[in-house]
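Numbering (this note's numbering), first residue to last: 355 to 507. Ideal Cβ positions, reconstructed from N, Cα and C, are used throughout, including at glycine. Step one of this worksheet: look at the structure below.
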Amino acid sequence: MADTDKIYRTREDLLQALIERLNMVMRMTRPRNEGQPPPLSPPHMHIFFSIAMDKEGKSVKELAEISGVTPGAISQFVNNLVENGMVQREIDPRDRRVVRLKATEQALRHHNRMKREFYASTKRVFDVLSDEDIRQLLNILGKIEVTPDVQEP
Numbered sequence: 355m356a357d358t359d360k361i362y363r364t365r366e367d368l369l370q371a372l373i374e375r376l377n378m379v380m381r382m383t384r385p386r387n388e389g390q391p392p393p394l395s396p397p398h399m400h401i402f403f404s405i406a407m408d409k410e411g412k413s414v415k416e417l418a419e420i421s422g423v424t425p426g427a428i429s430q431f432v433n434n435l436v437e438n439g440m441v442q443r444e445i446d447p448r449d450r451r452v453v454r455l456k457a458t459e460q461a462l463r464h465h466n467r468m469k470r471e472f473y474a475s476t477k478r479v480f481d482v483l484s485d486e487d488i489r490q491l492l493n494i495l496g497k498i499e500v501t502p503d504v505q506e507p
């Protein structure tokens with residue numbers, strides 16, 4: 355019986371099924387990373403991708419603003435990324451008071467490989483949907499208002 359054929363008695367049942375399905379999709383699209391360093395947690399990945407997408411690097415303050423969390427929380431995640439050789443700290447040449455966080459060359463190569471693997475696994479998962487199905491899903495998910503108090507880093 356498909357999920358859409360199940361009878362959900364309450365809104366809570368519907369929401370629980372939705373959460374389970376979204377978690378399953380997230381697990382299915384996660385790269386396997388066989389023979390690679392351990393995969394990053396979603397918050398670490400979010401922060402790393404934010405850093406990797408900016409050649410100039412990001413400051414802790416900028417990452418905190420993007421993520422909607424405190425600079426202290428970002429610093430804890432960044433420390434872990436630095437210890438794992440994914441990110442390096444550099445003094446901003448325009449303002450020596452600012453430390454810029456930049457992805458290391460090795461991490462960028464790993465990031466590009468992870469991105470390719472992620473898109474390949476995502477394509478496999480969503481191949482059962484037509485482009486119109488995906489548009490509808492995006493429209494439905496777009497109705498959910500995301501506010502800083504519910505965002506994860």
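Would DSSP call R363 helix, strand or coil?
-> Counting from one through the sequence shown, the residue named residue 363 turns up at place 9. Coil.
Go ahead and pull the three-state DSSP assignment for R489.
-> For this step, residue 489 is matched to residue 135 along the sequence shown. In this structure, R489 counts as helix in the three-state DSSP scheme.
According to the neighbour-count rule (16 or more other Cβ atoms, all chains shown, within 10 Å of its Cβ), is N484 buried or exposed?
-> The count along the sequence shown starts at 1 and reaches residue 484 at position 130. Checking the displayed sequence, the identity of residue 484 turns out to be Ser instead of Asn. Taking every protein chain shown into account, the CB of S484 has fewer than 16 other CB atoms within 10 angstroms, so this residue is exposed.
Limits of the beta strand (DSSP E) - the one that E444 falls within = Taking the sequence shown and counting its residues from 1, the one referred to as residue 444 is at position 90. 441-446 is the extent of the beta strand (DSSP E) around E444.
Use the C-beta contact count for V441: other C-beta atoms within 10 angstroms, 16 or more gives buried, fewer gives exposed.
-> Here residue 441 corresponds to residue number 87 of the sequence shown, with the count starting at 1. Classification of V441: buried, given that the 10 Å Cβ count is 16 or more.
Do you know offhand how far N377's Cα is from R467's?
-> Residue mapping note: residue 377 aligns to position 23 of the sequence shown, counting from 1. Residue mapping note: residue 467 aligns to position 113 of the sequence shown, counting from 1. The C-alpha of R467 is placed about 23 Å away from the C-alpha of N377.
Can F402 and A474 be called in contact, C-beta distance under 9 Å?
-> The residue labelled residue 402 in the question sits at position 48 within the sequence shown. The residue labelled residue 474 in the question sits at position 120 within the sequence shown. No; because the gap between Cβ atoms is not below 9 Å, this pair is not in contact.
In DSSP terms, what L455 is bridged to = Along the sequence shown, one-based indexing puts residue 455 at 101. DSSP lists K412, R443 as the bridge partner or partners of L455.
Where does R384 fall in DSSP's three states?
-> As a first step, residue 384 must be located in the sequence shown, where it is residue number 30. Reduced to three states, the DSSP call for R384 is coil.
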